[in-house]
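*Asks:* From first to last, the protein sequence lines are chains A and B.
All residue numbers for the first sequence refer to this note's numbering, where the first residue is 133 and numbers rise by one.
All residue numbers for the second sequence refer to this note's numbering, where the first residue is 133 and numbers rise by one.
C-beta atoms are modelled at their ideal positions from N, C-alpha and C, and glycine is treated no differently.
Number of protein chains: 2
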Amino acid sequence: MSTTGLFDRIDRPRRLPDEVASSILASIESKQLNPGDKLPSENELSKQFGVARTVIREAISLLKFDGVVDSRRGVGAFIAQSEHRSAFRISPACFEIRKQIVQLLQLRTGVQAGASALAAEMRTSKQMAEIESVYERLALADKTGPAEALEERVDTELLFYRLITQASSNRYYEDVVGMIESNLQTNLRSAFLKNAATSEFGPNILAEHHAVLTALQAKDVEGARVATRLRFEHSARSLASRKDFA
Amino acid sequence: MSTTGLFDRIDRPRRLPDEVASSILASIESKQLNPGDKLPSENELSKQFGVARTVIREAISLLKFDGVVDSRRGVGAFIAQSEHRSAFRISPACFEIRKQIVQLLQLRTGVQAGASALAAEMRTSKQMAEIESVYERLALADKTGPAEALEERVDTELLFYRLITQASSNRYYEDVVGMIESNLQTNLRSAFLKNAATSEFGPNILAEHHAVLTALQAKDVEGARVATRLRFEHSARSLASRKDFA
DNA sequence: ACATTTACAGTTGTCAGACAACTGACTATA
DNA sequence: TATAGTCAGTTGTCTGACAACTGTAAATGT
C-alpha cells in the first residue's frame with residue numbers, strides 16, 4: 133500500500149479477548165483440551181486469566197462462532213468435535229513460515245485451477261474484456277523491466293486472477309481465493325515480493341499467463357484448468373526452491 | 133453420526149449477539165453499509181437494537197474476528213475492505229439451497245482434486261493401507277445392495293476422501309475439505325441422502341472410486357487428480373440434474 | 001421402598017453503570 | 001502562525017447484578 137516506512141509499527145497491546153481465545157485454542161491444538169471436554173466456568177476462567185468475565189465471554193463467543201466450542205446455558209461450554217467447525221481461517225499459529233507459504237500455495241493452486249475452469253465455462257463477454265485489459269497491463273509492465281513498480285505489478289497479477297475467479301460466478305470460490313490472497317498479501321507480502329523480484333517476471337512467465345488467457349477466450353475448460361495449475365505450480369516451486377526468504 | 137431422529141430440533145432462541153452480527157452483516161451485503169463507512173457508536177447501536185452494550189460488543193467482536201469490520205479505540209468501528217476478510221465461512225444466508233449445494237460441490241471438486249493429487253505424491257504406506265481398507269468396506273457395501281444402511285455407506289464414502297485429504301499432509305486442504313464436508317453433512321444431509329439413494333451407488337460409481345484408489349497406489353499424481361475430479365463432477369451433475377430435492 | 005415433585009446451587013445470557021485508554025478536533029497561548 | 005493544552009466522544013475493560021436454564025439432591029406423597 134504505502135511505502136515501507138523506516139520504522140515498523142510497535143506491537144500495540146493486542147486485545148484481551150483475542151489473547152484468551154488464542155490461549156484456549158492453543159490448549160485444544162496441543163490436546164490439553166479434547167472434544168467433549170468441559171471448559172472451566174466463565175467465573176473461573178476470569179480468575180485464572182486475571183481478566184473480567186466480559187473478556188472471557190467475548191473470547192468464548194469467538195470460539196463458538198467458529199464452532200470450536202459449544203455452550204449450553206445452565207450447563208457450561210464444551211469443546212466441539214473438530215468436524216463441526218463452521219469456518220476456515222488461516223491460523224497464524226503455524227510458526228514455520230516456509231511450510232505455511234508452501235502449503236498455502238498448494239491450496240491456492242488447486243482452488244484457482246478449479247475456479248479458472250469454471251470461469252472458462254461461465255464467463256461473460258464483458259468479464260472477458262476486463263480480464264484482457266488487465267492482461268494487457270501485465271504485458272506492458274513486463275516490457276518495462278522488473279526493476280520498476282514491482283508492487284504494482286504484483287498487484288496487477290493478483291487482480292488478473294481475482295477477476296478470473298469472479299468470472300466463475302461461484303461465491304465460494306471467490307471467498308476462498310480472496311481469503312488466501314489477502315493472507316498472502318498481509319502476512320507474507322515481503323517474502324512474496326522478494327521472490328517476485330527475481331523470478332516472477334519475464335517472457336516465460338507472461339507466456340503462462342497468456343495460456344490461461346487464451347483458454348478463457350476459447351472457453352476451453354480443460355485448457356484453463358491446466359494452464360492455471362501449471363502457472364501456480366511453477367510459482368510455488370520457484371518459491372519453495374529459494375532458501376532465503378523470511 | 134447418530135441416526136436421523138424423528139424430530140428436527142426446534143429453532144432454539146438464537147443468541148442476541150449472533151442476531152446483531154447477522155443484522156449488521158446483512159446491511160453490508162445489501163450495500164447499505166460500504167467499506168470505509170463508520171458504524172454507529174456502540175452506545176447508539178445499543179439503543180437502536182434495544183440490547184445492552186455487551187451484546188453489541190460481542191457482535192462487533194465476531195465481525196472483527198472475521199475481518200469484516202475494523203475498530204480503533206477512541207475513534208470507532210469501520211467496515212473493512214472486503215478483501216481483508218480473514219475467514220471463510222459458508223454462510224447460510226444463501227436462500228437458494230439448490231444453487232448453494234451446486235456451488236459447494238463445484239468448490240469441493242476443485243479442492244478435492246488438488247488434495248488427491250498431493251496425496252498421491254505424499255502418502256505413506258500406512259495411510260495407503262487405511263485408504264485401501266476403507267475402499268474394501270465401500271466395495272462390500274456396494275454388493276449388498278443400496279437399500280440397506282444407506283447412511284453408513286455415505287459416511288464411508290466421505291471417510292474415504294477424508295483419509296485421502298489427510299494423506300496430502302497439507303493442513304489447509306484438510307481444513308477446507310473438512311469444513312465443506314461438515315456443511316454438507318449438517319445443512320444438506322437430507323438432500324444428499326435422497327440423491328445417494330437413487331444414483332450414488334452401483335458398479336460404475338465404484339469404478340470411479342477405484343480409479344482414484346489405483347492412482348494413489350501407483351503414486352500417479354495426474355491420474356489421482358483427474359479421477360477425483362471426474363468422480364465429483366459426476367456427483368455434482370447427477371445432483372444438479374435432479375429437480376426434486378429440498 | 002419407590003416414584004414424583006420441589007428446592008437449590010451452579011452456569012450461561014443479559015443488563016446497567018462506571019472508569020481507563022485513546023483519538024481527533026478545538027482552544028488558548030506564546 | 002505554531003505549539004501545547006483541553007475536552008468531548010469512542011472503544012476497551014471492569015464490576016456487580018439479575019434472568020434463564022440445567023442437573024442434582026433433598027423433600028414429599030404413595
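Does the beta-carbon distance from residue 294/A to residue 313/A come in below 9 Å?
*Replies:* Yes, the Cβ-Cβ distance between residue 294/A and residue 313/A is below 9 Å.
*Asks:* Looking only at its own chain, which residues have a Cβ that is under 6 Å from the Cβ of residue 100/B, when we skip the five neighbours before and after it?
*Replies:* Here chain B covers residues 133 to 378 and nothing more, so residue 100/B does not appear.
*Asks:* Give the straight-line distance between the Cα atoms of residue 351/B and residue 258/B, rounded to the nearest whole angstrom.
*Replies:* Cα to Cα, the separation comes out at about 14 Å.
*Asks:* Note down the Cα distance separating residue 373/B from residue 247/B, rounded to an integer number of angstroms.
*Replies:* For residue 373/B and residue 247/B, the distance between alpha carbons rounds to 26 Å.
*Asks:* Given a cut-off of 9 Å on the beta-carbon distance, is the pair residue 358/B and residue 245/B in contact?
*Replies:* Yes, Cβ-Cβ distance for residue 358/B and residue 245/B is below 9 Å.
*Asks:* When burial is assigned at 16 or more other CB atoms within 10 Å of the CB, is residue 360/A buried or exposed?
*Replies:* Answer is buried; the Cβ neighbour count reaches 16.
*Asks:* Between which residues of its own chain and residue 363/A is the CB-CB distance below 6 Å, once the five residues before and five after are set aside?
*Replies:* So the qualifying residues of the chain are 340.
*Asks:* Which residues share a DSSP beta bridge with residue 202/B?
*Replies:* For residue 202/B, which the question treats as bridged, DSSP gives the partners 210/B.
*Asks:* Against chain A, does residue 168/B count as a neighbour if the rule is that its beta carbon must be under 9 Å from one of theirs?
*Replies:* Chain A, which has no Cβ nearer than 9 Å to the Cβ of residue 168/B, makes this no.
*Asks:* Since residue 311/B meets chain A, which of its residues come closer than 8 Å, beta carbon to beta carbon?
*Replies:* Simply 217, 218, 219 and 220.
*Asks:* Using 9 Å as the threshold, is the C-beta distance between residue 270/A and residue 255/A below it?
*Replies:* For residue 270/A and residue 255/A, no; Cβs fall outside 9 Å.
*Asks:* Quick one: any contact between the region 188-204 of chain B and the region 165-175 of chain B, if contact means 3 or more CB pairs under 8 Å?
*Replies:* Verdict: yes, contact present.
*Asks:* Using a cut-off of 8 Å between C-beta atoms, extract the partners of residue 247/A located in chain B.
*Replies:* What residue 247/A touches in chain B: 242.
*Asks:* Go through its chain and collect everything with a Cβ distance to residue 365/B's Cβ below 7 Å, but skip five positions before and after it.
*Replies:* Result list for residue 365/B: 241, in chain order.
*Asks:* Under 9 Å between beta-carbons, which chain A residues line up against residue 305/B? List them in chain order, please.
*Replies:* Ordered by position in chain A, the residues that pass the 9 Å Cβ test against residue 305/B are 235, 238, 239 and 242.
*Asks:* From the DSSP secondary-structure annotation, give me the bridge partner or partners of residue 221/A.
*Replies:* According to DSSP, residue 221/A bridges with 219/B.
*Asks:* Quick one: list the residues of chain B neighbouring residue 256/A, beta-carbon separation under 9 Å, in chain order.
*Replies:* Within chain B, no residue comes near residue 256/A; the closest Cβ sits about 17 Å away, beyond 9 Å.
*Asks:* Quick check: the Cα distance between residue 371/A and residue 299/B, rounded to an integer number of angstroms?
*Replies:* Approximately 23 Å, taken between the alpha carbons.
*Asks:* So which of 367/B, 368/B and 349/B has the shortest CA-CA distance to residue 249/B?
*Replies:* Of the candidates 367/B, 368/B and 349/B, the one whose C-alpha sits nearest the C-alpha of residue 249/B is 349/B.
*Asks:* Kindly confirm or deny that the region 302-317 of chain A and the region 206-222 of chain B touch, where touching means at least three C-beta pairs closer than 8 Å.
*Replies:* With the cut-off at 8 Å, the region 302-317 of chain A and the region 206-222 of chain B touch.
*Asks:* With a Cβ-Cβ cutoff of 9 Å, do residue 215/B and residue 232/A count as a contact?
*Replies:* Result no, Cβ atoms of residue 215/B and residue 232/A do not sit closer than 9 Å.
*Asks:* Find the residues of chain B that neighbour residue 363/A, judging by a C-beta separation of less than 7 Å, and give them in chain order.
*Replies:* Correct list: empty, because the minimum Cβ distance to chain B is about 14 Å.
*Asks:* Quick one: grab the DSSP three-state call for residue 163/B.
*Replies:* Three-state result, residue 163/B: coil.
*Asks:* Does the distance from the C-beta atom of residue 211/A to that of residue 274/A stay below 9 Å?
*Replies:* Their beta carbons are not under 9 Å apart, which means residue 211/A does not touch residue 274/A by this criterion.
*Asks:* Do you know whose CA, among 236/A, 345/A and 204/A, lies nearest residue 315/A's CA?
*Replies:* Considering only alpha carbons, the answer is 236/A.
*Asks:* In the DSSP assignment, what residue or residues form a beta bridge with residue 170/B?
*Replies:* Answer is 210/B.
*Asks:* Here's the rule: buried if 16 or more other CB atoms are within 10 angstroms of the residue's CB, otherwise exposed. What is residue 346/B?
*Replies:* Label assigned to residue 346/B: exposed.
*Asks:* Taking C-beta pairs closer than 8 Å, name the residues in chain B that residue 149/A reaches, listed in chain order.
*Replies:* Chain B residues near residue 149/A: 193.
*Asks:* What first and last residue would you give for the alpha helix (DSSP H) that runs through residue 269/A?
*Replies:* 257-275 is the extent of the alpha helix (DSSP H) around residue 269/A.
*Asks:* What three-state label does DSSP hand residue 147/B in the structure shown?
*Replies:* Reduced to three states, the DSSP call for residue 147/B is coil.
*Asks:* Could you check whether the Cβ of residue 308/A sits closer than 9 Å to any Cβ belonging to chain B?
*Replies:* Taking Cβ atoms only, chain B reaches closer than 9 Å to residue 308/A, which makes this a yes.
*Asks:* With a threshold of 7 Å on Cβ separation, who are the neighbours of residue 289/B within its own chain once the five nearest residues in sequence on each side are excluded?
*Replies:* Contacts found: 270.
*Asks:* Between residue 309/B and residue 291/B, is the Cβ-Cβ spacing less than 9 Å?
*Replies:* No, they are not a contact pair.
*Asks:* For residue 199/B, would you say it is in contact with chain A, using Cβ-to-Cβ distances shorter than 9 Å as the test?
*Replies:* So yes, residue 199/B belongs to the interface.
*Asks:* Considering only C-alpha positions, which residue in the set 253/A, 367/A and 268/A is nearest to residue 355/A?
*Replies:* Out of 253/A, 367/A and 268/A, 253/A has the C-alpha closest to the C-alpha of residue 355/A.
*Asks:* Closer than 7 Å between beta carbons: that is the criterion. Which residues of the region 280-302 of chain B meet it against chain A?
*Replies:* Taking 7 Å as the Cβ-Cβ cut-off against chain A, the residues of the region 280-302 of chain B that qualify are 302.
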